[in-house]
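Report on the structure given below.
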Amino acid sequence: MRSTNLSRRLHHGSTGLIPAVAAGLVLAGCGASPTPSGTETQQAATGVRVLWMGDSIAGAQAPALEAALKAAGVAFKNATSDGGGNVVAGDHEVTAMAARDTWKTLKENLASFRPTVIAYQITTYDWGTARQQLSAYQQLSRTAADAGAELVLVAAPPFKIDDFYQPHEKAIKSAPAMAAKTAHVRYLDASALWGSDYAAAKAQRAKDGIHSCQQGSAAFATWFAKRLGELAGFTPAAPAVWATGAWTGDERFAELGCG
Numbered sequence: 023m024r025s026t027n028l029s030r031r032l033h034h035g036s037t038g039l040i041p042a043v044a045a046g047l048v049l050a051g052c053g054a055s056p057t058p059s060g061t062e063t064q065q066a067a068t069g070v071r072v073l074w075m076g077d078s079i080a081g082a083q084a085p086a087l088e089a090a091l092k093a094a095g096v097a098f099k100n101a102t103s104d105g106g107g108n109v110v111a112g113d114h115e116v117t118a119m120a121a122r123d124t125w126k127t128l129k130e131n132l133a134s135f136r137p138t139v140i141a142y143q144i145t146t147y148d149w150g151t152a153r154q155q156l157s158a159y160q161q162l163s164r165t166a167a168d169a170g171a172e173l174v175l176v177a178a179p180p181f182k183i184d185d186f187y188q189p190h191e192k193a194i195k196s197a198p199a200m201a202a203k204t205a206h207v208r209y210l211d212a213s214a215l216w217g218s219d220y221a222a223a224k225a226q227r228a229k230d231g232i233h234s235c236q237q238g239s240a241a242f243a244t245w246f247a248k249r250l251g252e253l254a255g256f257t258p259a260a261p262a263v264w265a266t267g268a269w270t271g272d273e274r275f276a277e278l279g280c281g
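Following this note's numbering, the residues of the sequence shown are numbered contiguously, the last one being 281.
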């Protein structure tokens with residue numbers, strides 16, 4: 023499902039390559055095949071299998087995350103959705119429809135991919151009351167447990183609250199607190215990486231103030247792989263092994279104007 027309003031998020035504004043990345047990496051953005059949403063990497067030398075969920079922000083992080091985890095012997099499936107991906111239905115017709123799609127796709131992925139870890143980055147569409155958010159995250163926790171998987175909830179990076187998001191700002195701000203309160207999950211506060219100001223250099227947002235370009239995605243993959251390794255018991259690969267790979271040419275970065 024992709025409505026006119028929601029689908030515009032991936033193409034919102036023009037973007038440029040953010041100049042800094044953790045560990046001083048310099049990334050190339052050319053000559054590679056795209057890694058579309060829904061693709062999976064089957065390698066699992068570690069036995070760890072990660073299902074990555076979220077919206078287009080998580081989607082822009084997925085190419086780097088797949089490269090980092092594949093290099094560490096972890097199987098990966100990108101289950102993000104541009105203009106949706108949310109598990110919180112709330113009271114909005116569009117987000118309710120998107121949530122139904124998310125839950126349906128999750129059921130299919132549990133059966134076909136059999137993840138050992140479900141990692142859900144809070145989406146920009148987890149609109150609803152705090153109670154509705156907590157209920158949805160608890161449902162996701164139970165679903166993961168029933169499938170024999172660990173659930174990791176990840177805070178979204180700071181992003182620009184523009185005219186599209188402004189009516190839902192209260193819900194956007196309450197979602198991380200509800201995720202942190204959810205029982206039987208690991209909650210990762212990404213502000214440790216990004217800070218809390220989308221306009222700050224540390225946040226590494228593209229010019230749209232929302233998504234990340236290659237260097238921001240690589241910084242996230244480095245940070246997340248380290249923490250996931252601590253949880254799931256694998257050793258992350260050094261960024262030098264994967265950070266300048268073919269993933270940097272993923273078509274979504276060109277669509278964002280990343281260069």
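The beta-carbon is built from N, C-alpha and C at its ideal position, and this holds for glycine as well.
Rounded separation between residue i and residue j - CA only
i      : j      : result
Met200 : Leu132 : 24 Å
Gln143 : Met119 : 19 Å
Gln226 : Glu191 : 21 Å
Ser196 : Ala265 : 33 Å
Gly231 : Phe275 : 14 Å
Val72  : Asp113 : 30 Å
Thr244 : Leu87  : 8 Å
Thr145 : Gly170 : 24 Å
Arg249 : Asp184 : 31 Å
Ala202 : Thr138 : 21 Å
Gly150 : Ala67  : 40 Å
Ser239 : Val116 : 28 Å
Ala166 : Tyr147 : 21 Å
Leu278 : Gln237 : 13 Å
Leu215 : Lys129 : 31 Å
Ala247 : Ala241 : 10 Å
Ser218 : Lys182 : 11 Å
Thr204 : Gly281 : 39 Å
Gln155 : Asp77  : 16 Å
Ile140 : Ala222 : 30 Å
Gly255 : Val96  : 11 Å
Ser103 : Pro85  : 14 Å
Tyr187 : Ile194 : 8 Å
Pro198 : Ala228 : 22 Å
Gly271 : Trp125 : 30 Å
Gly69  : Asp168 : 19 Å
Gln160 : Ala262 : 38 Å
Cβ-Cβ distance between residue i and residue j below 8 Å
i      : j      : result
Tyr220 : Pro180 : yes
Ser213 : Ala82  : no
Ala80  : Pro258 : no
Ala177 : Asp211 : yes
Thr127 : Ala152 : no
Met75  : Gly106 : no
Range of the contiguous beta strand (DSSP E) that encloses residue i
i      : result
Leu278 : That residue, Leu278, is in no beta strand (DSSP E); it is neither H nor E in DSSP.
Arg208 : Arg208 to Leu210
Ile140 : Val139 to Gln143
Val174 : Glu172 to Val176
Proximal residues to residue i (C-beta, below 7 Å), its chain only, five neighbours per side dropped
i      : result
Leu285 : Outside the shown range of the chain (23 to 281) lies residue 285, about which nothing can therefore be said.
Phe135 : Glu62, Arg71, Leu73 and Lys99
Ala121 : Asn108, Val109, Val110 and Ala111
Element boundaries [alpha helix (DSSP H), containing residue i]
i      : result
Trp245 : Gln236 to Ala254
Val263 : Pro261 to Trp264
Thr124 : Glu115 to Ser134
Thr165 : Ala152 to Asp168
Trp216 : Ser213 to Trp216
Ala193 : Glu191 to Lys203
Close beta carbons around residue i, own chain, < 8 Å, minus the five adjacent residues each side
i      : result
Arg208 : Glu172, Leu173, Val174, Leu175 and Leu253
Ala260 : none
Gly251 : Ala94, Thr257 and Pro258
Beta-carbon contacts of residue i that lie in its chain and below 6 Å, excluding the five residues immediately before and after
i      : result
Ala89  : Trp264, Gly267 and Trp269
Ala158 : Val109 and Val110
His206 : Ser163
Lys224 : Gly217
Residue-level contact to chain D via CB, residue i, 8 Å cutoff
i      : result
Ala121 : In summary, chain D is missing from the structure at hand, where a single protein chain is found.
Mind pulling the beta strand (DSSP E) runs of 3 or more residues that sit fully within the region 63 to 98?
Fully enclosed beta strand (DSSP E) runs of 3 or longer: 71 to 75.
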